[in-house]
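Novice: The UniProt record's numbering puts the sequence shown at residues 1 to 233.
Ideal Cβ placement from N, Cα and C applies to all residues, glycine included.
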Amino acid sequence: MSISLPGFDAWLTERLEECAGDSGENVDFYVARAVAAQMISDCERADVASAGPLKARLTQSGLSGETVSDGISSVLADPRRVHALNSTGLMGAPSDPTLDRVARTAAGALATPAAAVVLVGAESQSLAGACGVDPASPPKHLVDLAESFDKYVVVNESLVRVENAAHHPLFGKYSIVAEGRIAAYLGVPLTDDAGNTVGVLSVFDSSPRKWKNGHIQILDDLASVAKGRMFHG
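(1) Just checking, does the region 169-179 make contact with the region 111-126 on the three C-beta pairs under 8 Å criterion?
(2) Fully enclosed by the UniProt domain "GAF" (98-224), which alpha helix (DSSP H) runs are 4 residues long or longer?
(3) Can you name, in chain order, every residue of its own chain whose Cβ lies under 7 Å from the Cβ of Asp205, other than the five neighbours on each side?
(4) Determine whether the beta carbon atoms of Leu76 and Ala122 lie at a separation below 8 Å.
(5) Buried or exposed, going by whether 16 or more other CB atoms sit within 10 Å of the CB of Lys151?
(6) Please report how far the alpha carbon of Arg229 lies from the alpha carbon of Thr98, in whole angstroms.
(7) My output table needs one value for Asn26: the three-state DSSP class, helix, strand or coil.
(8) Taking only the alpha-carbon atoms, compute the straight-line gap between Leu170 and Ala93 and give it to the nearest angstrom.
(9) Less than 8 Å between the beta carbons of Val198 and Thr105, yes or no?
(10) Just verifying my parser: in three-state terms, what is the DSSP assignment at Asp78?
(11) Determine the burial state of Ala10: buried for a count of at least 16 other Cβ atoms within 10 Å of its Cβ, exposed for fewer.
(12) Going by beta-carbon coordinates alone, are Val102 and Val117 separated by less than 8 Å?
(13) Gly129: which of Leu12, Cys19, Val162 and Val225 sits nearest, CA to CA?
(14) Just the C-alpha distance for Asp42 and Arg33, rounded to the nearest angstrom, thanks.
(15) Could you tell me which of Ser158, Ser4 and Val35 sits nearest to residue 301, measuring between CA atoms?
(16) What does the alpha-carbon distance come out to for the pair Asp78 and Ala178?
(17) One question on the structure: do Met91 and Ser137 come within less than 8 Å of each other, judged by their Cβ atoms?
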């Protein structure tokens with residue numbers, strides 16, 4: 001076992017290893033999942049409002065159980081966030097020319113075949129701008145919350161960097177990843193002045209990529225342009 005637990009003697013350690021083995025996991029991951037479950041329980045007792053983001057982050061890490069989806073839903077359905085999203089007037093609207101240009105610039109600057117500006121609602125996603133994507137038939141991860149990368153950017157209010165989705169504990173289960181259509185993803189949040197994250201600027205590739213700090217900085221800079229159009233346009 002690679003970790004040491006207080007109070008665990010040789011017998012308990014052996015039982016722990018057996019339980020982890022029976023579940024098909026290594027001991028580190030088995031223990032981490034147990035800790036994650038306790039964190040959720042403690043957080044829900046102390047501060048229900050903060051439980052949603054915690055659950056979402058644990059889901060993204062692959063450490064969550066089935067109950068965590070409600071944390072994602074509660075964040076996406078937050079009334080203030082939904083109001084800010086609807087105030088853009090872009091949810092469900094045709095692709096915006098300015099946001100299309102932002103996406104083209106992002107794809108060109110990061111040398112990816114595609115980029116998108118996606119708005120994330122409580123129950124659906126909307127493509128507000130894109131490059132390398134057919135608006136009539138966009139990839140599943142851009143419009144389907146069930147296979148969305150973007151929702152984790154919104155819920156966590158921070159970037160999501162995936163260099164090889166096939167090896168990721170959560171995203172590796174997505175059908176679009178299994179089909180080889182998405183391997184690498186980099187997304188940054190689009191947040192208004194009041195702190196409501198309503199969308200994502202992302203680039204993605206069907207081949208694995210090593211994302212560097214410079215890539216993130218470029219995407220952040222372009223996100224500022226997108227936010228200017230969305231919130232001050």
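Specialist: Reading from the atomic positions:
(1) Short answer: they don't touch.
(2) If we require 4 residues or more, the alpha helix (DSSP H) runs fully inside the UniProt domain "GAF" (98-224) come out as 140-143, 150-156 and 175-178.
(3) Within the same chain, and ignoring the five residues on either side of Asp205 in sequence, the residues whose Cβ sits closer than 7 Å to its Cβ are Thr112, Pro113, Ala183 and Ala184.
(4) In this structure, Ala122 lies closer than 8 Å to Leu76 by Cβ.
(5) With 16 or more other CB atoms across the displayed protein chains lying within 10 angstroms of its CB, Lys151 is buried.
(6) Approximately 7 Å, taken between the alpha carbons.
(7) Asn26: coil per DSSP, three-state reduction.
(8) Roughly 30 Å between the two C-alpha positions.
(9) The Cβ-Cβ distance between Val198 and Thr105 does not fall below 8 Å.
(10) Secondary structure at Asp78: coil, using DSSP grouped into helix, strand and coil.
(11) Answer is exposed; the Cβ neighbour count stays below 16.
(12) It is a contact, given that the beta carbons lie within the stated cut-off.
(13) Closest by alpha carbon: Val225.
(14) Rounded to the nearest angstrom, the two C-alpha atoms are 14 Å apart.
(15) As displayed, the chain neither begins before 1 nor continues past 233, which places residue 301 out of reach and without an answer.
(16) Linking Asp78 to Ala178 through their CA atoms gives a straight-line distance of about 32 Å.
(17) Contact flag unset, no.
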